[in-house]
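Adding 46 to a residue's 1-based position in the sequence shown gives its number in our numbering. Virtual Cβ for every residue (Gly too), placed ideally from N, Cα, C. Read the structure below first, then the notes.
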Amino acid sequence: MLPSLINVSRRKSLLKKLEELTREHTAAHIDFALVMVSISNFRQINLSNGFIAGDLILEEYCKRLQSLIRPQDSIMRVGSSDFVIFIKNIVNEGHATLAAVKLLGGLKEPFTVGNKRLKVGTNIGIALFPDHGQDELALLRSAETALLESRRNLPPYSVSSSKYDTDDATTWDITSDLQKTIDLDQLEMFFQPQVYLETGRVFGAEALIRWKHPEHGYIRPDYFIPIAEQSDLIYDITNWSINAVLWLMKEWPEMSQPLKVAINLSPKMFEYQGLVETITEAANLFGVNASQLTLEITESALMRDISTSIQCLQDLKDEGVKISIDDFGTGYSSMSYFKNIPAHELKIDYSFVTNLFENAMDRHIVDSVTKMAQGFGLVVVAEGVEDQKTYDELKAIGCDVAQGYFIGKPMPQGKFVEWLQLHNNYSKILEG
Ligand code: G
Ligand code: G
Ligand code: MN
Numbered sequence: 047m048l049p050s051l052i053n054v055s056r057r058k059s060l061l062k063k064l065e066e067l068t069r070e071h072t073a074a075h076i077d078f079a080l081v082m083v084s085i086s087n088f089r090q091i092n093l094s095n096g097f098i099a100g101d102l103i104l105e106e107y108c109k110r111l112q113s114l115i116r117p118q119d120s121i122m123r124v125g126s127s128d129f130v131i132f133i134k135n136i137v138n139e140g141h142a143t144l145a146a147v148k149l150l151g152g153l154k155e156p157f158t159v160g161n162k163r164l165k166v167g168t169n170i171g172i173a174l175f176p177d178h179g180q181d182e183l184a185l186l187r188s189a190e191t192a193l194l195e196s197r198r199n200l201p202p203y204s205v206s207s208s209k210y211d212t213d214d215a216t217t218w219d220i221t222s223d224l225q226k227t228i229d230l231d232q233l234e235m236f237f238q239p240q241v242y243l244e245t246g247r248v249f250g251a252e253a254l255i256r257w258k259h260p261e262h263g264y265i266r267p268d269y270f271i272p273i274a275e276q277s278d279l280i281y282d283i284t285n286w287s288i289n290a291v292l293w294l295m296k297e298w299p300e301m302s303q304p305l306k307v308a309i310n311l312s313p314k315m316f317e318y319q320g321l322v323e324t325i326t327e328a329a330n331l332f333g334v335n336a337s338q339l340t341l342e343i344t345e346s347a348l349m350r351d352i353s354t355s356i357q358c359l360q361d362l363k364d365e366g367v368k369i370s371i372d373d374f375g376t377g378y379s380s381m382s383y384f385k386n387i388p389a390h391e392l393k394i395d396y397s398f399v400t401n402l403f404e405n406a407m408d409r410h411i412v413d414s415v416t417k418m419a420q421g422f423g424l425v426v427v428a429e430g431v432e433d434q435k436t437y438d439e440l441k442a443i444g445c446d447v448a449q450g451y452f453i454g455k456p457m458p459q460g461k462f463v464e465w466l467q468l469h470n471n472y473s474k475i476l477e478g
C-alpha cells in the first residue's frame, strides 16, 4: 500500500462521495477528474508565522481555490492542508492538465497576512475516471500516487499514469521495479558538497541516492524511499547505500583533512537489531574511519521513536559514528533533544535558509537555532544555500557549514571528484 495522505474519518466521507460520483457517472457515461491539491509548506508556515497566521492563510487559500473552479465543480477539505476537487465533464487528459495549470497559477501569488506577504507552495495530483481507476479506491490511490509524483515535476503537478486495475498494480510495479534495480546494482549515489563557511574549505558531502529508471528518468528518493519503507526493500537499499558510499569515497582525492560523508538513514532501520554492526563492519572492511561517517536522521523520526532509537544512537556514538539531526525545524522541534540525543550535528532545514531575506522570522529562527545548537556543542549545517548573499549572511550569523546549489548540486562520483580537485587547488591558491 502507498502511504496514505488522508486521515481516516475524512477519507471515509471522501470515499462515500467518490462512490456516489463513480456510480452516477458510470450510468451517464461521463468522465470526471479527481484533483488532489496539497500545500507543501504548511507546517513551516505555521512554525514561522504562528498558528493564527496559518489558519488565516488556510482560509484565504480555500477562498482562492473556490474562485478558481467552475460552479459545477466541488471541493472537499480532506486533511489539514489537503483538498480534493471534483472536476466534472472532463473530455480528456489535456483538459485536466489545463485545470491544474490554472489552479497553480492562481495559487502562486503570495498571500497577505497582516503586513506580510507569504508564499504558499502547492502540489497537485490528478486521476481521471474511469481511465485511472474504475472504483473509488483505485481512483483515490491513483490520485495519491500522482500527488507524490508531482513533487519531482515543475510545475508541480502530475497526472496519473496508471491504467485501471482492481489489484495493487501501481504499488506492485514500483516495488518490483525497485527490487530489480537493486539486484542489478543500478542505483546510483550522488554527492553534494559541504564547506566550512569561515574558510571555504571542504567539510564533506551528503550522499543522496538516485534511481535512474529506463523509462521515467531520475526518480527522487522522497518518492521511492517511502515505498521501500513499506517492505523489506529499505534494508537492501540501506545496505547498498552504506557500501556504495564507503566504496566511492576511497577514490576521492587526498584533502588537507579527512572528509566527512553523511548518509541519510530511514528511521525504520532502528527496528533492525544488526544496524550498528552492519555499519561498523562495513567501515572496517573498506578501511574507512568510523569518525568520517555521519548518519542523518530526520527530526520527526527521532521524536516518534525516541526510546528505541536512543540506545542505538548511543551505540553508534560509542563506535565513533556521528549523528546529524536532519530537516531541523520542520517537526515539533524540542529542546529536550539537545539534552538527551547523542548528536554531533544539526541541519537547519532549507525552507528556513531559502527565505532568509524575505522572512524576518526565518532569519531569527536560523540565528537563534544556530546559537542554541552551538551552545550544546553541535556543528550547525545550513542546507539550501542558493546564493552568495545567503552564504555571507549565514557566515555573519556564525553557522559552521553550508550546503546548497550555490556551493554545488548533488552530483555523480566523477563530477564530485572533479569538484573536489578544483576546490582543493582553489583553497591552496587562497592560502598562498
Ligand atoms: O536529493 P533529494 O531530493 O533527492 O533528497 C530527497 C530526500 O531523500 C532527502 O530528504 C533525503 O533525506 C532522502 N534520501 C536521499 N538519499 C537517501 C538514502 O540513501 N537513504 C534514505 N533513507 N533516504 C535518502
Ligand atoms: O536529506 P534532506 O531532506 O536534507 O535532503 C536534502 C535535499 O535538499 C535534497 O533533496 C537536495 O537535492 C535538496 N537541495 C540541496 N541543495 C539545495 C538548494 O540549494 N536548494 C534547494 N531548494 N534544495 C536543495
Ligand atoms: Mn539529509
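Item	Value
Straight-line Cα distance separating Y269 from L194	6 Å
Beta strand (DSSP E) segments (min. 3 residues) lying fully within the stretch 144 to 216	157 to 159, 162 to 164, 168 to 175, 203 to 205
CA-to-CA distance, V426 to Y264, given in whole angstroms	30 Å
Ligand 3 heavy atom lying under 8 Å from the CB of E342	yes
Q449 and Q238 closer than 9 Å at C-beta	yes
Residue closest to S277, alpha-carbon to alpha-carbon, out of N92, Q240, I288, M315	M315
Nearest-angstrom Cα separation, counted from K63 out to R69	10 Å
Beta strand (DSSP E) segment containing W257, residue limits	248 to 259
Cβ neighbours of V248 in the same chain (closer than 7 Å, five flanking residues each side left out)	P239, V241, M301, L305, L466, H469
Cα-Cα separation, L150 to P201	8 Å
Outcome for Y107 when other beta-carbon atoms lying within 10 angstroms are tallied against a minimum of 16	buried
Helix, strand or coil at K62 [DSSP, three-state]	helix
Distance cut-off 8 Å: L254 Cβ against heavy atoms of ligand 2	yes
For Q420, the nearest candidate out of A251, I443, E182 (CA to CA)	I443
Beta bridge counterpart(s) of D372 as assigned by DSSP	T344
Runs of alpha helix (DSSP H) wholly within the stretch 381 to 428 (minimum 4 residues, chain order)	382 to 386, 396 to 399, 406 to 421
Contact belief for I121 with Q112 at Cβ below 8 Å, rounded distance in angstroms	6 Å
Nearest-angstrom Cα separation, counted from L93 out to G430	18 Å
Any non-hydrogen atom of ligand 1 closer than 8 Å to P458 Cβ	no
Reference P267; option with closest CA among R197, P458, Y396, M407	R197
Any chain B beta carbon closer than 9 Å to A448	You won't find chain B in this structure, because it holds only one protein chain.
Beta-carbon proximity check, A308 vs E342, cutoff 9 Å	yes
Secondary structure of I265, DSSP reduced to three states	strand
According to DSSP, residues forming a beta bridge with L233	W257
Where R110 falls: helix, strand or coil (DSSP)	helix
Uninterrupted beta strand (DSSP E) stretches inside the stretch 298 to 363 (no shorter than 3 residues)	306 to 310, 339 to 344
Straight-line Cα distance separating F157 from R163	5 Å
F249 Cβ short of 8 Å to ligand 2 heavy atom set	no
Cβ-heavy atom distance, N401 to ligand 2, below 8 Å	no
Given S126 as reference, the closest of A253, I136, E105, L114 once Cα atoms are compared	E105
heavy atom of ligand 1 below 8 Å from P156 C-beta	no
Sub-9 Å separation of I85 and T168 beta-carbons	yes
M47 in three-state terms, based on DSSP	At M47 the pLDDT is 28, less than 50, meaning the model places this residue with poor confidence and gives no usable figure here.
Segment limits, beta strand (DSSP E) that includes V124	120 to 125
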